[in-house]
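Asker: One structure follows; several queries about it will come next.
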Amino acid sequence: MLTQPDFWKLEEEDSLLLHNDGYLTNSIQQNAELIEKANEWYDIVMSHAEESIPDYVVEDIENVPEGISRIIYLDVFRTLKSPVYQAPLIKLLTKCWKDFGDYAQPMCLVAAFLRLTLNENKVYKMLHVINKSEFYIPGYWKAQATGYASDAYTAMEVSKTVNPSATQKILKTQPYPETFCQKFFTAIGIHVFPFCLQFDVMDKFIRGGRKFLIQLICSVIDVQGDMLLNTSAVNVTFELLRLDKKSTSFETIKKIVEEAEHYTQVNNFDIVKMRQEMYDLHLKKRLERPPVELDSDDAITLSDDSSEDNE
């Protein structure tokens, strides 16, 4: 989309670019460099494909449940501003819903971000691999995202070997890590990091897969370890974990991204095996109770943070 002559005129103030902060400048040289990098991403992602993925064909999907159609429309409407770019993304996400059998809001953010530099066919194929390959984030883009929630607990187990004091304190005040890991894991940091860092985060994720996301959480906790240990306010702890601008400086956020890959402790864990272990230990009991007993604290759902992002 970046190379389209009307993109900046139509989309400069859209939600996708909320954290652009002047990084993308409609520079021909910058666009070319980003597109070259994105095509490297495509090649890397496709090397992890576990099955053949057909080319994307634009089509009108029939018999889409009204609820799904409405959710996709609203997500795209909140992400992009112009019907010129909204309509193709709606079709792409609807096709992914049909293929995946499920849909979650972060799919919209990731798809829109990748569409900045890649064509629809490449984005479609990348979404397939990212959603299905064990190297990436299988089970994250679901209405009830137990895969992502289980991996959030895995991240905390790894973090205990990095900064045990800060991690233990977090778990006392924030016992459900899926609440603060969500945007890092399911949206690959989009709407968390400024764009000058988001492209680096995406690059590291593409190359490091799910393991990098766990390293990223370790970095969030360890780099801010002293601040986390020195606050007794639950709301401040949550702000630090979410990298809220009013609690975490740009310099700290930049260091978190730069340091993340150094947390090689993750290599000592079988994160694929641990997903089931963490589910059995932390989630199974409260999720597999009879429906009448479930309450809002039990359900693992992906929240809609659109209003929060625009504050």
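Reminder that position 266 of the sequence shown reads as 266 in the UniProt record's numbering, one-by-one numbering, no gaps.
Just so you know, even glycine gets a beta-carbon here, dropped at the ideal spot from N, CA and C.
Answer with buried or exposed for Asn235, where buried requires no fewer than 16 other C-beta atoms within 10 angstroms of its C-beta.
Answerer: Exposed is the call here.
Asker: Near Ile188, what residues of its chain come up, given a Cβ to Cβ distance below 7 Å and the 5 sequence neighbours on each side ignored?
Answerer: Taken in chain order, the residues that qualify are Val110, Val201, Met202 and Phe205.
Asker: Using the three-state DSSP reduction, which class does Gln144 fall into: helix, strand or coil?
Answerer: DSSP places Gln144 in strand when its eight states are reduced to three.
Asker: With a threshold of 6 Å on Cβ separation, who are the neighbours of Glu36 within its own chain once the five nearest residues in sequence on each side are excluded?
Answerer: Taken in chain order, the list of residues that qualify is empty.
Asker: Looking at Cys218 and Val268, is the spacing between their C-beta atoms short of 9 Å?
Answerer: Residue 268 is actually Asn in this sequence, not Val. Not a contact, by the Cβ cut-off of 9 Å.
Asker: When DSSP labels each residue in this structure, what does Val192 get in the three-state scheme?
Answerer: Coil, per DSSP.
Asker: Would you give the residue range spanned by the alpha helix (DSSP H) that residue 371 belongs to?
Answerer: No answer is possible for residue 371: the residues shown for the chain start at 1 and end at 311.
Asker: Is the region 13-25 touching the region 42-50, taking contact as three or more C-beta pairs under 8 Å?
Answerer: Counting Cβ pairs under 8 Å, fewer than three are found: no touch.
Asker: Does the region 116-128 touch the region 161-180, meaning 3 or more C-beta pairs lie closer than 8 Å?
Answerer: No, the region 161-180 does not touch the region 116-128.
Asker: Just to confirm before moving on: does the CB-CB distance between Glu178 and Ala149 stay below 9 Å?
Answerer: Yes, these two residues count as a Cβ contact at 9 Å.
Asker: Could you work out which residue in Ile71, Glu40, Cys96 and Asn63 is closest to Pro54 when comparing CA atoms only?
Answerer: Comparing Cα positions, the closest option is Cys96.
Asker: Select from Glu288, Tyr56, Asp60 and Asp75 the residue whose C-alpha is nearest the C-alpha of Ala112.
Answerer: With distances taken between Cα atoms, Ala112 lies closest to Asp75.
Asker: What did DSSP end up calling Lys245 once you bin it into helix, strand or coil?
Answerer: The answer is coil: DSSP assigns Lys245 none of H, G, I, E or B.
Asker: For His282, is the classification buried or exposed, using 16 other Cβ atoms within 10 angstroms of its Cβ as the cut-off for buried?
Answerer: Answer is buried; the Cβ neighbour count reaches 16.
Asker: Here's a check: name, in chain order, each residue in its chain whose Cβ is nearer than 7 Å to the Cβ of Arg275, leaving out the five neighbours to either side.
Answerer: Hits under 7 Å: Gly147, Ser150, Asp151 and Thr154.
Asker: Give the straight-line distance between the Cα atoms of Phe7 and Asn31, rounded to the nearest whole angstrom.
Answerer: Cα to Cα, Phe7 sits roughly 12 Å from Asn31.
Asker: Taking just the CA atoms, how far does Leu114 sit from Lys183?
Answerer: Their backbone Cα atoms lie some 16 Å apart in a straight line.
Asker: In whole angstroms, give me the CA-to-CA distance for Cys196 and Phe250.
Answerer: Roughly 11 Å between the two C-alpha positions.
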